[in-house]
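Protein chains in written order, with the numbering used here: chain A, 1 to 241; chain B, 1 to 241.
Number of protein chains: 2
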Amino acid sequence: MSNPTAAMLVIGDEILTGRTRDANMHYLAGELTGRGIRLCEARVVRDDHAAIVAAIRELSGAVDHLFTSGGIGPTHDDITADAVADAFGAAIDVREDARQILVEHYARTGLELNDARLRMARIPEGAALIDNPVSAAPGFTLRNVHVLAGVPAIFQAMVSSVLPTLTGGDPLLSQMIDVNRGEGEIAGPLKALAAQFPELEFGSYPYQRHGAHGTQLVVRGTDAGRLASAMVALSDLVKAP
Amino acid sequence: MSNPTAAMLVIGDEILTGRTRDANMHYLAGELTGRGIRLCEARVVRDDHAAIVAAIRELSGAVDHLFTSGGIGPTHDDITADAVADAFGAAIDVREDARQILVEHYARTGLELNDARLRMARIPEGAALIDNPVSAAPGFTLRNVHVLAGVPAIFQAMVSSVLPTLTGGDPLLSQMIDVNRGEGEIAGPLKALAAQFPELEFGSYPYQRHGAHGTQLVVRGTDAGRLASAMVALSDLVKAP
Chain A
1 MSNPTAAMLV
11 IGDEILTGRT
21 RDANMHYLAG
31 ELTGRGIRLC
41 EARVVRDDHA
51 AIVAAIRELS
61 GAVDHLFTSG
71 GIGPTHDDIT
81 ADAVADAFGA
91 AIDVREDARQ
101 ILVEHYARTG
111 LELNDARLRM
121 ARIPEGAALI
131 DNPVSAAPGF
141 TLRNVHVLAG
151 VPAIFQAMVS
161 SVLPTLTGGD
171 PLLSQMIDVN
181 RGEGEIAGPL
191 KALAAQFPEL
201 EFGSYPYQRH
211 GAHGTQLVVR
221 GTDAGRLASA
231 MVALSDLVKA
241 P
Chain B
1 MSNPTAAMLV
11 IGDEILTGRT
21 RDANMHYLAG
31 ELTGRGIRLC
41 EARVVRDDHA
51 AIVAAIRELS
61 GAVDHLFTSG
71 GIGPTHDDIT
81 ADAVADAFGA
91 AIDVREDARQ
101 ILVEHYARTG
111 LELNDARLRM
121 ARIPEGAALI
131 DNPVSAAPGF
141 TLRNVHVLAG
151 VPAIFQAMVS
161 SVLPTLTGGD
171 PLLSQMIDVN
181 RGEGEIAGPL
191 KALAAQFPEL
201 EFGSYPYQRH
211 GAHGTQLVVR
221 GTDAGRLASA
231 MVALSDLVKA
241 P
């Protein structure tokens, strides 16, 4: 596959203690797939400086784009920006362009731009700001790392700001077919079919619906013609007694 | 913290393409927290042998317990058992005790125990089986790696089989308080309070409810007395004008 690759790093104790169920990974996965960018790995780490730095270094070196989620707010547990700066040895301080965005936002809302809120203008040297149309405080891109907020509505808005700027690949197409048999019934022929279409990926996902077992077969790939041929063959396969 | 530590490895293209929203991570996080086992990291990797082997080696070496989810069914994309065996240089083949479980299950259901289904009896040498009361095909524990199914109902049943066998720690307690102010307002005093209770963790999570901004403050720790003291101080703090 020559499609661009991506990884995601979710940062936050609230996910790993079970307080919050992460929603951003699933959202980003769908958005990237639609643009032909292949999400290769996702990780969740704690609000721990060393853990975040290590994950950023490793993942950003392994893929074309790393997206992070969480840890860029005004409180003491928001340590992502400093960790990203450290990961690349970049200086970090309150930056004038980011500060100006906050000044205007808080002037408009009548709230005080205090020291805590000013932390949200700490941006690593060399980073480009990512627009936040929801609550103003910007994300940023440093090298191939896109640093986004954790609140889902803001995360999604920032994804919409970033994605159009990235080079996509051939969209990853998928087609599926539901079969009212257990996956053990069709595993053998499915494996043989998958071998005939090495450029496609065949997934098999069991489900239970109204008490009956069934299997959803999913075929994924970037070549629409081959995908169509595979679906014809798959239909024949599951029709067989 | 001297509580036991854990990591989770979710295996499956369906999560990373956005087809399926993972539910097992959130479930396991809650169960582990309740037993005083600290989930330090979670990862999602593709159905790729090398990626699974590398993640198993790294994570199992870093924590007391590694839990995996997915990839132990009958189809060609179910490659977790072989990857776990490879990660530790263990031999793997159809094992008689696991085969017997499948023989009885398929005799009962009237379905054929074909070659594909028999793959679910491939268990690494030295592993202990994990009971699957839902669909029979067992999970297994090899060293400190607990290999569980990806289907949420089966995953949860297997977690129930495994967790009582593990040594827990002091339960991680948490208390929370909702404040109808933005987190930027309370970030300063919250940071000062957190410094007074270094053995506790203070989290701050913004929310929007009925159009109004608010913040949920969460305090976590294993010492009930200190937690109670912190909550008293926190109530005073958020009452202040």
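From the three backbone atoms N, C-alpha and C, an ideal C-beta is built for every residue, glycine too.
Each residue's CA atom was taken as its position, placing Ala107 of chain B and Glu201 of chain A some 33 Å apart. Residues Phe197, Glu199 and Leu200 of the same chain have their beta carbon placed closer than 8 Å to that of Arg226 of chain B, with the five preceding and five following residues left out of the count. The way I'd put it, the stretch 79-89 of chain A does touch the stretch 142-155 of chain A; three or more beta-carbon pairs between them come closer than 8 Å.
Here His26 of chain A carries a helix assignment [DSSP, helix/strand/coil].
Rounded to the nearest angstrom, the Cβ distance from Gly12 of chain A to Gly70 of chain A is 4 Å, consistent with a contact under 8 Å.
Residue contact check for Arg209 of chain A against chain B: no CB pair falls below 8 Å.
Per DSSP, Thr33 of chain A has no beta bridge partner at all.
Judged by DSSP secondary structure, Ile79 of chain A falls outside any alpha helix (DSSP H); it is assigned neither H nor E.
Below 8 Å, too few C-beta pairs join the stretch 167-175 of chain A and the stretch 39-46 of chain B to call them touching: fewer than three.
Taking 8 Å as the threshold, the shortest C-beta distance from Ile15 of chain B to chain A falls below it. In the DSSP assignment, Arg57 of chain B falls within the unbroken alpha helix (DSSP H) covering His49 to Ala62. Look at Gly184 of chain B here: in three-state DSSP terms it is helix. Relative to the Cα of Asp223 of chain B, the nearest Cα in the group B:Leu217, B:Met231 and B:Leu66 belongs to B:Met231.
Beta-bridge partners assigned by DSSP to Val218 of chain A: A:Met176 and A:Gly203. Minimum Cα-Cα distance from Gly211 of chain B among the listed residues B:Asp236, B:Ile130, B:Asn180 and B:Glu185 corresponds to B:Asn180. Comparing C-alpha distances from His146 of chain A to each of A:Pro4, A:Met8, A:Asn3 and A:Ser2 shows the shortest one belongs to A:Met8. DSSP places His105 of chain A in the uninterrupted alpha helix (DSSP H) bounded by Glu96 to Thr109. Secondary structure of Gly225 of chain A (DSSP, three-state): helix. For Glu201 of chain A, the C-beta contacts it makes with chain B under 7 Å involve Asp13, in order along the chain.
Cβ atoms of Leu32 of chain A and Phe88 of chain A stay farther apart than 8 Å, at about 23 Å. According to the DSSP secondary-structure assignment, Thr75 of chain B is paired through a beta bridge with no residue. Per the Cβ contact rule, the stretch 95-106 of chain A is not in contact with the stretch 53-66 of chain A (fewer than 3 Cβ pairs under 8 Å).
The stretch 47-63 of chain A makes no contact with the stretch 19-33 of chain B; the number of CB pairs closer than 8 Å stays below 3. For the C-beta of Gly71 of chain B, not a single chain A residue is nearer than 7 Å; the gap to the nearest is close to 11 Å. For Ile186 of chain A against Thr215 of chain A, the beta-carbon gap comes to about 7 Å, under 8 Å, which counts as contact. Against Ser60 of chain A, chain B offers no close residue; the least beta-carbon distance is about 16 Å (beta-carbon pairs closer than 7 Å). Contact residues of the stretch 138-164 of chain B toward chain A are Val151 and Ala153 (C-beta to C-beta distance below 8 Å). Between the stretch 126-144 of chain B and the stretch 154-162 of chain B there are three or more C-beta pairs closer than 8 Å, enough to call the two in contact. Taken through DSSP and simplified to helix, strand or coil, Phe140 of chain A comes out as strand. The residue among A:Glu183, A:Leu59 and A:Gly73 with its C-alpha nearest the C-alpha of Ser204 of chain A is A:Glu183. A Cβ-Cβ contact shorter than 8 Å links Val218 of chain B with Met176 of chain B.
Ranked by Cα distance from Gln208 of chain A, the options B:Val84, B:Ala121, B:Ala192 and B:Val134 are led by B:Val134. For Ala85 of chain A, the three-state secondary structure derived from DSSP is helix. By the CB criterion at 8 Å, Ala90 of chain A and Pro124 of chain A fall inside the cutoff. Excluding residues up to 5 positions away in sequence, Phe202 lie with their Cβ nearer than 6 Å to the Cβ of Ala194 of chain B in the same chain. If the five residues before and after Met120 of chain A are omitted, its C-beta is found closer than 6 Å to the C-beta atoms of Pro74 and Ala137, all from its own chain and listed in chain order.
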